[in-house]
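Protein chains in written order, with our numbering: chain A, 107 to 521; chain B, 40 to 207. Below is one structure, written out as structure tokens, with a few remarks after it.
This is the structure:
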């Protein structure tokens, strides 16, 4: 064998060095680059690992490869034009981002109470469908990274059914831009609820299939249980929310603690785990899928008829028939598109329970149609900052399940 | 705890150094940069405030007034939110770090430092997080043009700390 090549690959000079009699590993620390182009690095993130053999002694997590200047772009866009940007934050559950941003602007406009109830119910329905797609992706992708390819295919199949449903509602498979300030842009299509109920029944079956495959799978449990554990106190002082915090025993869900929209009218449980390791994060996510299905089944029964956007000329576009036939509505439409919705000066923070945790928007308005400042409190950013502590003293192979269960979404983290 | 009671508590504690007000149901405390750390410590340690949960920290360019800083914390015991605000000068402005009080502030301070050019004194690792080291300027300031493009030319001689970079 070419000794030069061997030296290059293994750092050793002679063939004799590779003999089985050698038991000692080189004593010095080694630096290993993981990412940015690594199949297990969701989106793009680079981790520089300093390893002692297989054990990680130090790491440097470097996000930023997917930074698209969400905040800067928002300052130059009208409030309605920001919806497409929010789609691209957490691109696995864009509907929840849409709702969160709309709620922040509505709070500034003071119309939170005036949103039609049908619109609120539609928002909750699409949010919960999005939450299911988010968890299906997270669990499915993590299982695949640990070798359980079947579970991944089952979950992605189910996710595609839900994407098709969202596509029927909004016209886009992934970047929906469906919610509007004051309501939603379109009503649910005819027969959509029946399709949703049928799909939920199918998803129930998929979850049973995957739980049977994973829950007591020896390999899966060995790779997940006891890996990347976080204490309750650490989760709180870091600001962890969502399934990660709930896996550590933090009983915090924005839908319960700061109920918004019509969540108080719907019955659901918040799953809490105790150990805070990767396996608990997995269990919490699967249970949340079941709870979301429970919410959806209630919401489609309770949804009332009525308007889908607030009847306020400051906020809603005039009906198309008026735009084409009256000059007043034409002007209103034009002003609305060009100048944007005039939001009174002030600042506010509104937050929703996103797929990964508390997703908030802090908006400073200056009275024009564009925000002066639009900050997104993204849960992935907060969760990724814990990664360095979580992977310390684990093996390189453990980085994969820890990262999978943090569910860092590049777009949301880097903004 | 009621936001009004919290406000009275803070006023009693600090007399004239803080100006609490309630904006959209959120208690907002405006302090001078010198009081930033002291009030943050109180928010963390005081039994009636007990803000143990770190929500976010961000900057707001307030043009002539300087760069505003917004710190948002929450109490898991009492279930209340408090927002702490201050304004630091545009050139060389900074506040002491709060990353030792809330671990979550660590990355938020790094992000705010590189995007707004605010120093966080005593931060353990204040280097660029999202931007490359070669980036010149503070992109979220209002005077940084949105259309401006910078070619990325790798350089090995740069100080890593965004606060030690030369002005654009």
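For each residue, glycine too, the CB sits at the ideal point set by N, CA and C.
Apart from sequence neighbours up to five positions away, the residues of its chain that approach residue 448 of chain A with a beta-carbon distance below 8 Å are 420, 473, 474, 475, ordered along the chain. At a cut-off of 7 Å between beta carbons, residue 343 of chain A contacts chain B.
Secondary structure at residue 111 of chain B: strand, using DSSP grouped into helix, strand and coil. Excluding the 5 residues flanking it on each side, residue 308 of chain A has same chain C-beta neighbours closer than 8 Å at 264, 267, in chain order. In this structure, residue 291 of chain A lies away from residue 189 of chain A, with their beta-carbon atoms at least 7 Å apart. About 4 Å separates the beta carbon of residue 209 of chain A from that of residue 456 of chain A, a gap short enough to meet the 8 Å contact definition.
Looking at the DSSP output, residue 158 of chain B sits in a beta bridge with B:133. For residue 243 of chain A, the enclosing alpha helix (DSSP H) has its first and last residue at 223-251. In this structure, residue 135 of chain B lies away from residue 105 of chain B, with their beta-carbon atoms at least 7 Å apart. The beta carbon of residue 484 of chain A sits closer than 7 Å to the beta carbons of 195, 465, 518, 519, 521 from its chain, once the five residues preceding and following it are set aside; these are given in chain order.
DSSP links residue 139 of chain A through a beta bridge to A:154. A:179 is the residue among A:154, A:165, A:179 whose C-alpha sits nearest the C-alpha of residue 482 of chain A. Taking 7 Å as the CB threshold, residue 192 of chain B stays off the interface with chain A. Rounded to the nearest whole angstrom, the CA to CA distance from residue 371 of chain A to residue 222 of chain A is 15 Å. In terms of beta-carbon proximity, residue 90 of chain B stays away from the interface with chain A, with every pair separated by 7 Å or more. For residue 350 of chain A, the enclosing alpha helix (DSSP H) has its first and last residue at 348-353. Straight across, the Cα-Cα distance linking residue 127 of chain B with residue 207 of chain A is about 28 Å. With respect to the C-alpha of residue 269 of chain A, the residue from A:252, A:345, A:240, A:251 having the closest C-alpha is A:240. A contact between stretches requires three or more CB pairs, one per stretch, nearer than 8 Å, and the segment 289-304 of chain A fails this requirement with the segment 340-357 of chain A. Taking the beta carbon of residue 449 of chain A as reference, no residue of chain B falls within 8 Å; the closest one sits roughly 13 Å away. Chain A has a Cβ within less than 7 Å of the Cβ of residue 143 of chain B. For the options B:164, B:97, B:181, B:194, the alpha carbon positioned closest to that of residue 478 of chain A is the one of B:181. At the C-beta level, residue 415 of chain A and residue 289 of chain A come within 7 Å of one another.
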